[in-house]
Amino acid sequence: MHNQGCSEEEIFSFLSLKRAEDTSHDYILSSMCTVPHPIAVKAHDMFMETNLGDPGLFKGTADIEQALVQRLGTLFHGPDACGYATSGGTESNIQALRMAKACKKKHRPNVVLPESVHFSFRKACDMLGIDMHTVPLDAEYRMDAGAAEKAIDKDTCCIVGVAGTTEYGMIDPIRELGEMAGDHDLFFHVDAAFGGMVIPFLDHHKPFDFLVPEVSSLAVDPHKMGMSTIPAGCLLVREKEMLCALSIDTPYLSVKQEFTLGGTRPGGPVAGALAVLDYLGMEGMQAVVQGCMKNTWRLIDGMETFGFARVVTPDVNVATFNPPGKIPLPWRVSCTRKGHLRIVCMPHVHRDIIEKFLRDIGESNA
Ligand SMILES: *Cc1c(COP(=O)(O)O)cnc(C)c1O
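Numbering (my numbering), first residue to last: 19 to 384.
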């Protein structure tokens, strides 16, 4: 700490300097986050000092959170689903496994999940003392349902399917996994952190949500394709009792109990998330998502003409290529665990950005 405070000018010239060192979104092709929608920013600003951790003091903001849960639940064919706004997919997945562990009591609990699962499950399993039974993928990078069935044993409490994998953009066979969960009386969590704000807005897709009767809970991140401000995630559950299994007493707050993982929680991104959904509506979201899909196909086409073959045809706007090749700066792309080049066509990755990237790739690989 400085002994005496600095001037506002000093502070902000320092902050601007640092901010300029961040990569511009014009070159970020690797992220599942994006530039927030202006409506989200405006809504976020209004709720800057609200705290959802003490909902009795912020009744209006708490109503907005419930409206978001209701909106998303209905989108995912679970109009009566319950839930709350999390800090993102990581928290939603941790909480889902906590619920699974509490609801399906096992001696030495394990979870059956695909090789493609997000690394947040490693954190969750480490914290909760749950073993991971990792299931290989099929040729299309989806969880192999036959192998999943074999991985289930008497201590399995949960099965996880991913709807829109982080690395390859694939949707696991949710319906088959659901039947398996039903047969073995397992908790069934769907990680739709990325795909949840994409799949419902595609023209055709297989069921991945509460339409599958065995799905117990679902994670979705409005701060990804929902274009809200960060951090905005949401955990949805089919039955309120599942969340109640996580309740603890909260002696000094305006409410007596809470089931969230976070204590103090921001209202701003939650208002932002709801505002974007209501502002765009189904048609607006379809336009955004289908635009991203079009750009994904254009990117794949362009890359293939330069000899970068697609690894798989994705279900959502994540494209992967082999060989990974040389990507010139300042472009920021990423690499999957298997060493494939990975690009996410988020809303900020406009068509002209893709064309510019393809020109650069053509030149540097000529
Ligand atoms: C992004 C992502 C997560 C993690 O979400 P955070 O918001 O970074 O915590 C989890 N699962 C999937 C499938 C994701 O794409």
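The C-beta atom is built at its ideal place from N, Cα and C for all residues, glycine as well.
The structure presented is a predicted model; accordingly, all values stated were derived computationally and were not measured.
- request: Please check the pair residue 193 and residue 168, which I expect to be a contact at CB under 8 Å, by giving their CB distance rounded to whole angstroms.
  value: Their Cβ separation, rounded to whole angstroms, is 19 Å, which puts residue 193 and residue 168 out of contact at 8 Å.
Open item on the list: Please tell me whether, using a cut-off of 7 Å, the distance from the CB of residue 180 to the nearest non-hydrogen atom of ligand 1 is below it.
Closed with: yes
Practice item. Figure out for me which residue from 204, 49, 21, 162 has the closest Cα to the Cα of residue 185. Key: 49
How about residue 208 and residue 129: do their beta carbons lie closer than 8 Å? no
Compare the C-alpha of residue 100 against each of 85, 335, 221, 126 and name the closest. 85
Fill in: Those runs of the beta strand (DSSP E) which lie wholly inside the region 99-128 and span at least 3 residues
100-104
Can the beta-carbon of residue 293 be found closer than 8 Å to that of residue 61?
yes
Legend entry - Short Cβ contact (8 Å threshold) for residue 190 with residue 132: yes
Our contact map puts residue 326 next to residue 359 with C-beta atoms below 8 Å; I'd like the distance itself, whole angstroms only. 7 Å
### Task
For residue 214, collect the residues of the same chain with a Cβ closer than 6 Å to its Cβ; drop the 5 residues on either side in sequence, then sort them by chain order.
238
(Q) On the CB-based measure, 16 or more other CB atoms within 10 Å of its CB, does residue 226 come out buried or exposed? (A) buried
With a cut-off of 8 Å, do at least 3 Cβ pairs link the region 245-254 to the region 67-75? no
Practice problem: Would you check whether ligand 1 has a heavy atom nearer than 7 Å to the C-beta of residue 211? | Solution: yes
- Nearest to residue 350 (by Cα), restricted to the options 35, 21, 45, 27: 45
Look up residue 221 in the DSSP assignment and say whether it is helix, strand or coil.
coil
With a CB to CB cut of under 7 Å and the five nearest residues on each side skipped, what residues in its chain are close to residue 83?
70, 102, 103, 288
**Message:** Excluding the 5 residues flanking residue 282 on each side, which residues of the same chain have their C-beta closer than 7 Å to its C-beta?
**Reply:** 69, 71
Below 8 Å on the Cβ atoms is my contact criterion, and I expect residue 263 with residue 117 to pass it. Report the Cβ-Cβ distance as a whole number of Å.
6 Å
Beta carbon of residue 50: closer than 7 Å to some heavy atom of ligand 1? yes
### Task
Run the proximity test for residue 323: is its beta-carbon closer than 7 Å to any non-hydrogen atom belonging to ligand 1?
no
Taking DSSP's pairing of strands, which residues face residue 151 in a bridge?
130
Review point. Run through DSSP, which three-state label would residue 350 get?
Key: strand
For this session: Report back the beta-carbon spacing between residue 303 and residue 228 to the nearest angstrom; my notes put them in contact at under 8 Å.
Result: The Cβ separation is near 18 Å, so there is no contact.
Subject >> Residue from 141, 113, 115, 243 whose Cα sits closest to the Cα of residue 55 >> reply: 243
Q | Candidates 340, 29, 354: closest to residue 9 by CA position | A | Any answer about residue 9 is impossible in this case: the structure gives the chain only from 19 up to 384.
For residue 310, which residues in the same chain have their Cβ closer than 8 Å to its Cβ, ignoring the five residues on either side in sequence? 216, 243, 335, 363, 364, 365, 367
Given the structure, does residue 335 come close to ligand 1, in the sense that its CB is under 7 Å from one of the ligand's heavy atoms?
no
Work out the CA separation of residue 272 and residue 371 for me, nearest whole Å.
49 Å
Residue from 246, 377, 149, 206 whose Cα sits closest to the Cα of residue 392: As displayed, the chain neither begins before 19 nor continues past 384, which places residue 392 out of reach and without an answer.
Per DSSP, what are the beta-bridge partners of residue 69 in this structure?
284
Checklist entry - Of the choices 125, 280, 266, 176, whose alpha-carbon is the least far from that of residue 233? => result 176
Original post:
Taking Cβ to Cβ, would you say residue 105 is nearer than 8 Å to residue 285?
Top reply: no
>> Can you list, in chain order, the residues of its chain with a C-beta nearer than 6 Å to that of residue 80? Leave out the 5 residues immediately preceding and following it.
In response: 73
| query | So, using beta-carbon positions, are residue 127 and residue 148 closer together than 8 Å? | reply | yes
Q.
I need the straight-line Cα distance from residue 256 to residue 195, nearest angstrom please.
A. 17 Å
*asked:* Taking the beta carbon of residue 108 as the centre, do at least 16 other beta carbons fall within 10 Å, making it buried, or is it exposed?
replied: buried
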